[in-house]
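Step one of this worksheet: look at the structure below.
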Amino acid sequence: MTLSRHNPAELSPPTGFSHAVTASGTRLVFLAGQTALDTDGKVVGDTLPEQFETALTNLLTALAAAGGTPHDLARVTVYATDVADYRTHAAELGRIWRRLAGRDYPAMAVIGIVRLWDEQALVEVDGVAMLP
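In the numbering used here, the protein residues as written are 12 to 143.
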């Protein structure tokens with residue numbers, strides 16, 4: 012299994028994502044959207060960084076259960092209820108990402124949305140991984 016990250020010089024330098032990822036392997040894992048839910052199904056954390064850390068941890072837990080690691084992530088989508096707040100905390104969110112998932116960035120997008128299923132949720136993260 013290999014993931015190759017492509018960041019052409021003709022595009023703006025990526026910060027915290029890759030422009031394209033080529034995946035080859037034998038198992039494709041689709042990861043459901045994860046929010047900052049604890050094991051009791053309650054949203055935890057009052058700030059976007061707190062909720063992002065829990066949501067990403069939940070995503071990585073689901074990925075590990077499927078036999079994967081953060082390195083196997085080919086695509087991640089982040090849904091944020093306040094994109095301006097996301098941009099304000101971008102450096103902190105990047106530090107959280109690197110601490111939990113490392114520096115092998117998947118192809119990523121951040122999408123602003125009106126609200127999530129749980130009204131208290133500020134962010135949701137889903138993804139696709141390629142496993143050997």
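Ideal placement from N, C-alpha and C gives every residue a C-beta, glycine not left out.
Residue i: first and last residue of the uninterrupted alpha helix (DSSP H) it sits in
{"i": "residue 105", "result": "101-112"}
{"i": "residue 76", "result": "59-76"}
DSSP bridge partner residues for residue i (one or two, in chain order)
{"i": "residue 16", "result": "32"}
{"i": "residue 138", "result": "42 and 87"}
{"i": "residue 125", "result": "DSSP, once it has assigned bridges, lists no residue as partnering residue 125."}
{"i": "residue 55", "result": "The partner list for residue 55 (beta bridge, DSSP) is empty, contrary to what the question assumes."}
Cβ neighbour criterion (16 or more within 10 Å) applied to residue i
{"i": "residue 123", "result": "exposed"}
{"i": "residue 91", "result": "buried"}
{"i": "residue 108", "result": "buried"}
{"i": "residue 76", "result": "exposed"}
{"i": "residue 133", "result": "buried"}
Short Cβ contact (8 angstroms threshold) for residue i with residue j
{"i": "residue 68", "j": "residue 111", "result": "yes"}
{"i": "residue 136", "j": "residue 94", "result": "no"}
{"i": "residue 96", "j": "residue 42", "result": "no"}
{"i": "residue 40", "j": "residue 79", "result": "yes"}
Check whether the stretch 69-89 and the stretch 112-121 are in contact - that is, three or more C-beta pairs closer than 8 angstroms. yes
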